[in-house]
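Take the sequence shown: its letters are residues 1 to 363, numbered as in full-length UniProt numbering. Here a beta-carbon is modelled for each residue, glycine too, at the ideal position from N, C-alpha and C. Since this is a predicted model, take the numbers as computed values, not measurements. Working notes, beginning with the structure itself.
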Amino acid sequence: MFETASRHPLLRPNIWGPSSSNRFWTRNTHNTSLSRFAKMHFPTQIAGKPVGPVGYGMMGITYWNPMPFEDAEKPLKAALDNGANLWNGGTLYGPPDRHSLHLVKHYFAAHPSDASKVVLSVKGCYDAMTQTANNRPEQIRAEVDRCLSILDGCKTIDLFQCARQSPDTPVEQQTRTLAALIKEGKIGSYGLSECSPETIRRAHAVHPVGAVEIELSVFSRHVLAPGGVRDTCRELGIPVVAYSPLDRGWLTGQIRKPEDVPAHVRVFPRFQSPAFEQNVKLAEAVAAVAERRGDTSAQVALAWVRAQGALPIPGATSVEKILDNTKFITLTQPELEELQVAIDKTEIVGERFPEVYWSGLNL
């Protein structure tokens, strides 16, 4: 028996009131990787603040096809008004003078009363052009100070993450720097992104990790392996945040043939022939469940991610897609079983990133 959506702190009246004392909302779901009848949790708090059952990834607004900030106010407002109050941005999402932090500053200048409603997660210390991380203490401090200078007091940084692990900087040193910034009041908490279970344990031993952001979708399930990232976070009580929960559009129901793949996504191996013809079968299985329910593929895909104990943060630039993504549904046990059958019989072909990105993954 599933608990009702009204149990979620951001899906009940007075959602911006005092936060619940419960860190996670517990509900009976279907753990498709470990125990098929395990009791799972997905985060309802990040950095000690309540978050809705879906977050909002900001990358698309300033990176792939940058929007005028005036136009970007509409999707941001729609996300917040529909419970997606965890906003996930980064200094790497756009040029130095026009990335997520500049957008956030613009938005809260126009909507100052919304600042206290948003839980802001910021990734930094990463050069998107060279695909290199720099997590040295002086770089982390400089990056946080730049972010605070851009925000200019309009919003606090609730969670700061080094976007990737830097091989030349031990995570213990990185964590001590972030812990000092927390103590100084410059950031509320810190997180890890694209990291290994060992890295999580090492960081957590220095200072409690506020969240771990990883790629998780029906297509990308590596973090669900026994003893992997998801298990480690459950053991340590760390919220898991899932980026690319719709696998760059695969799970929206809008990609049915190679010609449907957006130009900037075609570099990803899974979208290239002959991998496409194999991988589309899993997207079709998700679509079949969605059609039978009267929901969309995206809604089913996001519900599957929540059933694995993670908070999905899909990105979208249109209000219509945001409204679609923020409609809260839960999947029944038979539906999760059906999806697991499709997962088991559909071998995903191709890596989740082009080779140029590999050096920064799973460190």
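Quiz prompt | Under 8 angstroms between C-beta atoms of A290 and G315 | solution = It is not a contact, given that the beta carbons lie outside the stated cut-off.
Quiz item: Is it buried or exposed for G227, if we count other Cβ within 10 angstroms and need 16 for buried?
Solution: For G227, the number of other beta carbons within 10 angstroms of its own is below 16, and it is reported as exposed.
Quiz item: Among the residues of its own chain, which have a CB less than 6 angstroms from the CB of S121, if the five just before and after it don't count?
Solution: Contacts found: N88 and L159.
Exercise. Leaving aside the five residues before and after C147 along the sequence, list all residues of the same chain whose C-beta is less than 8 angstroms from its C-beta, in chain order.
Key: Result list for C147: T91, L101, V122, G124, I157 and F160, in chain order.
Quiz item: So what does S193 bridge to, in DSSP terms?
Solution: Paired residue(s): E213.
Quiz item: Is it buried or exposed for V51, if we count other Cβ within 10 angstroms and need 16 for buried?
Solution: Burial check for V51: the Cβ neighbour count within 10 Å reaches 16 or more, so the residue is buried.
Quiz prompt | Delimiting residues of the beta strand (DSSP E) encompassing L76 | solution = If you look at L76, you'll find it isn't in any beta strand (DSSP E); it sits in the alpha helix (DSSP H) that goes F69 to D81.
Quiz item: Closest by CA to I182, which one among E70, H41 and V209?
Solution: Closest option to I182, Cα to Cα, is V209.
Quiz item: Does the beta-carbon distance from A275 to A342 come in below 8 angstroms?
Solution: Contact flag unset, no.
Exercise. With L159 as the anchor, note down where its beta strand (DSSP E) starts and where it stops.
Key: Per DSSP, L159 belongs to the beta strand (DSSP E) from L159 to C162.
Self-check item: Supposed contact pair V104 and L80 - C-beta distance, whole angstroms, cut 8 angstroms
Solution: Separation of the CB atoms of L80 and V104 is rounded to 12 angstroms, and the pair is thereby denied contact status at 8 angstroms.
Quiz prompt | Host alpha helix (DSSP H) of K183 (start-end) | solution = First-last of the alpha helix (DSSP H) with K183: V171 to K183.
Practice problem: Could you check if D97 is buried or exposed, using at least 16 other CB atoms within 10 Å of its CB as the buried criterion? | Solution: The residue in question, D97, is exposed, as its Cβ has fewer than 16 Cβ neighbours within 10 Å.
Exercise. Compare the beta carbon distance of R248 and V349 with 8 angstroms and say whether it is the shorter of the two.
Key: No, the Cβ-Cβ distance between R248 and V349 is not below 8 angstroms.
Quiz item: Of all the options A109, K74, E351 and D231, which has the alpha carbon lying nearest to the alpha carbon of P197?
Solution: Across the set A109, K74, E351 and D231, the C-alpha of D231 shows the shortest separation from the C-alpha of P197.
Quiz item: Which of helix, strand or coil does DSSP assign to V206?
Solution: Helix, per DSSP.
Exercise. Select from I140, L224 and V305 the residue whose C-alpha is nearest the C-alpha of S244.
Key: With distances taken between Cα atoms, S244 lies closest to V305.
Self-check item: A310 - containing alpha helix (DSSP H), residue span
Solution: Per DSSP, A310 belongs to no alpha helix (DSSP H) and is neither H nor E.
Self-check item: Spatial distance of E351 from N279 (CA atoms)
Solution: Inter-residue distance for E351 and N279 is about 12 angstroms (C-alpha atoms, whole angstroms).
Practice problem: Using a threshold of 8 angstroms, state whether the C-beta atoms of E194 and I214 are closer than that. | Solution: Less than 8 angstroms divides the Cβ of E194 from the Cβ of I214.
Exercise. Grab the span of the beta strand (DSSP E) containing K327 for me, first residue to last.
Key: Here K327 belongs to no beta strand (DSSP E), and DSSP marks it neither H nor E.
Quiz item: In chain order, what residues of the same chain lie with their CB nearer than 6 angstroms to the CB of A84, ignoring the 5 residues before and after it?
Solution: So the list reads G52, V54, G55, Y56 and T326, once near-sequence residues are dropped.
Practice problem: Use the C-beta contact count for H264: other C-beta atoms within 10 angstroms, 16 or more gives buried, fewer gives exposed. | Solution: By the neighbour-count rule (16 or more Cβ atoms within 10 Å), H264 is not buried but exposed.
Quiz item: Would V229 pass as a contact of L311 if the rule is Cβ separation under 8 angstroms?
Solution: Contact check for V229 against L311 fails: the beta carbons are separated by 8 angstroms or more.
Exercise. Assign P9 to buried or exposed, taking buried as 16 or more other Cβ atoms, counted over all protein chains shown, within 10 Å of its Cβ.
Key: Low confidence applies here, because P9 scores a pLDDT of 43, under 50, leaving its location unreliable; read the following figure in that light. Classification of P9: buried, given that the 10 Å Cβ count is 16 or more.
Self-check item: Extent of the continuous alpha helix (DSSP H) run through G60
Solution: For G60, the enclosing alpha helix (DSSP H) begins and ends at M59 to T62.
Quiz item: Shortest alpha-carbon distance to S166 belongs to which of S217, T199 and C233?
Solution: For the residues S217, T199 and C233, the minimum Cα distance to S166 belongs to T199.
Quiz item: Are the CB atoms of A115 and K77 nearer to each other than 8 angstroms?
Solution: Pairing A115 with K77 gives a Cβ-Cβ distance that is not under 8 angstroms.
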